[in-house]
């Protein structure tokens, strides 16, 4: 898979997670959820607006978001966690 294809797939996944996070934020507006949304939005914006050659792994701060979410909510059965984990893994794969 090309780097462009990986970027496109990652963008789709980031947007999917963002939509789920924002949906939950409507009913549970907490600072932790706001911070996680901010990190995913930042990752999406960087990926969307930067040249692939200029991207560095440390520009993205979504790693550990699943753990941060669980520390605040203990909602282990939330399907959104699987989507967040998938985004984190796709980001790791993007830089391999």
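Numbering (our numbering), first residue to last: 1 to 96. Glycine included, C-beta positions come from ideal geometry on N, C-alpha and C.
Residue 89 has its alpha-carbon roughly 9 Å from the corresponding atom of residue 63. Distance from residue 59 to residue 46 at the Cβ level is roughly 5 Å; contact confirmed, criterion being Cβ atoms closer than 8 Å.
The Cβ atoms of residue 44 and residue 14 sit closer than 9 Å to each other. As the crow flies, the alpha-carbon of residue 76 is around 32 Å from that of residue 3.
Judged by DSSP secondary structure, residue 27 falls within the alpha helix (DSSP H) whose first and last residues are 3 to 27. Taken atom to atom, the span from the alpha-carbon of residue 95 to that of residue 54 is near 12 Å.
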